[in-house]
Every structure is written in structure tokens, then in C-alpha cells.
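Residue numbers (this note's numbering): 2 to 206.
This is the structure:
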């Protein structure tokens, strides 16, 4: 509300209080103090009526915070071992608009606040992928939960998990790297001794 309107409200409050005490109250000494109190009360009531409503102000709505991995591994293909195609960073950037974040922190060697509109030319150049400092920065900024866009190759996963628990911060990890098949060697059976030139039969499991 403009200063002029506030002045009108104040004058109206004084006029109402003066009228009430001048026309309705008995003329006795010491009326100035109660009249002033009534004027202040009327001013506050009229001022409150003139203030805009708080409805639909968004107060209390949870803030959406996203932490985006910009370590060098994010420049690799979405599926390891394949040449060309979208990188892990490309996949993460494609997801960002759907998440509609209010705040973004890039993380790698250190956390960096960023804006969605400024990520078109983003590169992944950090050597490390340290999530813990980014969690601390987000919590310091008032976040109670975050979403983490990463390929999963975090430098400090255990420390980050402990920090999130200690801060009471909810963390949801969104992987942007395809999980490749895992091959393991369970057992190798072969003769203990063999001579040069012998044919050796080995069994793999």
C-alpha cells in the first residue's frame, strides 16, 4: 500500500478515536491516553484490512532442489562401452525441465549454484564427484530434500550418506547411466602340474 493511503488510514483512525471520546465519553481529565490507544487499535485494524491477502502466496510450498553431477565421468556415453550417442550429462540435462527445480547446485570438486537457463553450454570437467559439500550447501540454503542427478560414480558415497542423515536431509538419487551386465569368475579348475608341451584342460565357472 502506498504511503499516501497509510496516511489516510492513520488520519481516519485518529478521527474515529477523537469522535468516540468527544461525542460518546464523559468529559473527564486523563482521556488523552485512552484516546491514543484507541486510535492505534483502529489504525491497526484498518491497516490489516488494507493489506493484500496471503491466499495463494505459495507460503509453505516445499522447494525443489536438484544437485547435478559435473564430474568427467558424466561425459561418457549413457551405456558404457558404446561409441557416440548421448552422454550421461546430456541425459541429466534432458531430465532437468521435468524436475522443475527452484534451485540447482552443480557438484564435482565443489558445489556451484547455477540457473537452469544457463546450463545450455555446461561441460563436465571436474575430476572428483564429491556429493557431501553439495548436500551441506543445499541444507544451508533451507532445503529439506534434494534430488541428485548422477551416473552413480560418486567419490564420497558413504560420507554423503552419513551427512544427509545427520542433517535430516532427504536424498533421492536419479541415475543417468545404464547399468551394464556384470560378469564374474566364480571358479577356475586346472591341473596343479603340467609339463611343457602338454595339453591342459581348464574349467571356468
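We put the CB at the ideal spot given by N, CA and C, even for glycine.
Reference residue i; option with closest CA among the options
i: residue 115; options: 76, 102 and 96; result: 102
i: residue 132; options: 77, 91, 160 and 81; result: 160
i: residue 155; options: 104, 122, 134 and 94; result: 134
i: residue 67; options: 75, 93, 163 and 125; result: 93
i: residue 125; options: 75, 162 and 63; result: 75
Distance, residue j Cα to residue i Cα
i: residue 73; j: residue 152; result: 10 angstroms
i: residue 129; j: residue 106; result: 15 angstroms
i: residue 149; j: residue 174; result: 5 angstroms
i: residue 176; j: residue 69; result: 11 angstroms
i: residue 100; j: residue 89; result: 17 angstroms
i: residue 120; j: residue 163; result: 30 angstroms
Terminal residues of the alpha helix (DSSP H) in which residue i lies
i: residue 134; result: 133-141
i: residue 98; result: 89-100
i: residue 159; result: 158-168
Residue i - containing beta strand (DSSP E), residue span
i: residue 151; result: 146-151
i: residue 107; result: 104-108
i: residue 173; result: 171-176
7 angstroms CB neighbourhood of residue i in its chain, flanking five on each side removed
i: residue 169; result: none
i: residue 117; result: 97, 102 and 105
i: residue 157; result: 131, 132 and 133
Own chain, CB closer than 6 angstroms to residue i, minus 5 neighbours either side, in chain order
i: residue 127; result: 71, 72, 109 and 110
i: residue 113; result: 107
Beta-carbon proximity list for residue i, same chain, < 8 angstroms, skipping 5 on both sides
i: residue 57; result: With a pLDDT of only 46 at residue 57, under 50, the local geometry of the prediction cannot be trusted, and the value read off the model is given with reservation. Same-chain partners within the cutoff: there are none.
Between the region 79-87 and the region 141-150, are three or more C-beta pairs nearer than 8 angstroms?
Using a Cβ-Cβ distance cut-off of 8 angstroms, the region 79-87 and the region 141-150 are not in contact, since fewer than three pairs of beta carbons, one from each stretch, lie closer than that value.
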